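Peer 1: Mind looking over this structure? Questions follow.
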Amino acid sequence: MIAVASTSLTAQRYREVTVPAGTRIQVRVASSYSSAASHVEDRVEGAIVTNVRAGGVTALPEGTQITGVVSSVQRPGKVKGRGSIGLRFTDVVVDGERYPVSATYVRVAPATKKTDAEKIAIPAAGGAVVGAILGGKKGAATGAAVGGGAGTAVVLSTRGKDAAINGGSVIYVTLRRALTVRVPR
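In structure tokens:
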């Protein structure tokens, strides 16, 4: 009889609220993560930045802890392919109670096509100028080819940029499934 009364009191003080799938949540990450240094299954921690409301009430208050893991890491290639890092959030703690959550975030490094082109064009232009000074038109063509070749070698031997998420930065994660939590009435 006492157990029934206790359950009944808890039910009277709390109600369930569902945050729908697709909801975007602002999270401040506690640490830095990057495609250069992080590994799949590294622990990820953060805190929700702004209240998340559902059913007319605050379901996830500002400061709610959210945890998960690094879900994917892709190093940038030397010729193509950009670095990327994925995070998968798995748990939130609301009023001391842990709830399973499914939320994801992916950061992709910026493209390097423009800087790659500059790494080729600048040595080619420099080679053309030096070649023209030393050997006229034929020297300019040879110098441009040599300079462009050197620039191409540099591009082919260096990786693109790694993806990075700095500690303290705010990211937007998206709920993949609805999340039901208990909130005070």
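So the sequence shown is numbered by my numbering: it starts at 829 and just counts up by one. All C-beta atoms in this analysis are idealised placements derived from N, C-alpha and C, irrespective of residue type, glycine included. Keep in mind it's a predicted model, so treat the numbers as computed, not measured.
Using the beta-carbon count (16 or more within 10 Å), is S866 buried or exposed?
Peer 2: Buried: at least 16 other Cβ atoms inside 10 Å.
Peer 1: Grab me the residues of S900's own chain with a C-beta within less than 8 Å of its C-beta, minus the 5 sequence neighbours each way, in chain order.
Peer 2: Contacts found: V868, S912, I913, G914 and V934.
Peer 1: Helix, strand or coil: how does DSSP classify R1010 here?
Peer 2: Residue state, collapsed to three classes: strand.
Peer 1: Does the distance from the C-beta atom of G891 to that of T918 stay below 8 Å?
Peer 2: Result no, Cβ atoms of G891 and T918 do not sit closer than 8 Å.
Peer 1: Near S930, which residues of its chain fall below 6 Å by C-beta distance, leaving aside the five closest residues on each side in sequence?
Peer 2: Counting only Cβ-Cβ distances below 6 Å, and skipping sequence neighbours, we find R1004 and R1005.
Peer 1: List the endpoints of the continuous beta strand (DSSP E) containing P928.
Peer 2: Here the beta strand (DSSP E) through P928 covers E925 to V936.
Peer 1: Buried or exposed: which applies to T876, given that a residue is buried once 16 or more other Cβ atoms fall within 10 Å of its Cβ?
Peer 2: This sequence places Ile at residue 876; Thr is not what is there. Under this definition I876 is a buried residue.
Peer 1: From this set, T886, V898, P848 and D870, which residue's C-alpha is nearest V1017's C-alpha?
Peer 2: Beyond the ends of the chain as shown, which are 829 and 1013, falls residue 1017; an answer cannot be given.
Peer 1: Quick one: what does DSSP say R815 is sitting in, helix, strand or coil?
Peer 2: With the chain covering only 829 through 1013, there is no way to say anything about residue 815.
Peer 1: For V847, count the other beta carbons within 10 Å of its own beta carbon; 16 or more makes it buried, fewer makes it exposed. Which is it?
Peer 2: Buried is the call here.
Peer 1: DSSP beta-bridge partners for R916?
Peer 2: Partner(s): V897 and T932.
Peer 1: How would you call G850, buried or exposed, if buried means at least 16 neighbouring beta carbons within 10 angstroms?
Peer 2: That one is exposed.
Peer 1: In angstroms with no decimal places, state the Cα-to-Cα distance between R852 and T1008.
Peer 2: The alpha-carbon atoms of R852 and T1008 are separated by roughly 15 Å.
Peer 1: Would you tell me roughly how many angstroms separate the C-alpha atoms of A991 and S860, rounded to the nearest one?
Peer 2: Rounded to whole angstroms, A991 to S860 spans 11 Å at the Cα level.
Peer 1: Between S997, I894 and N879, which lies nearest to R926 when the distance is taken from Cα to Cα?
Peer 2: It is I894.
Peer 1: Who are the near neighbours of R1010 in its chain, counting only those whose CB is closer than 6 Å to its CB and skipping five residues on each side?
Peer 2: Here the set comprises Y842 and E844.
Peer 1: Given a threshold of 16 other Cβ atoms within 10 Å of its Cβ, counted over all protein chains shown, does R916 qualify as buried or as exposed?
Peer 2: So R916 counts as buried.
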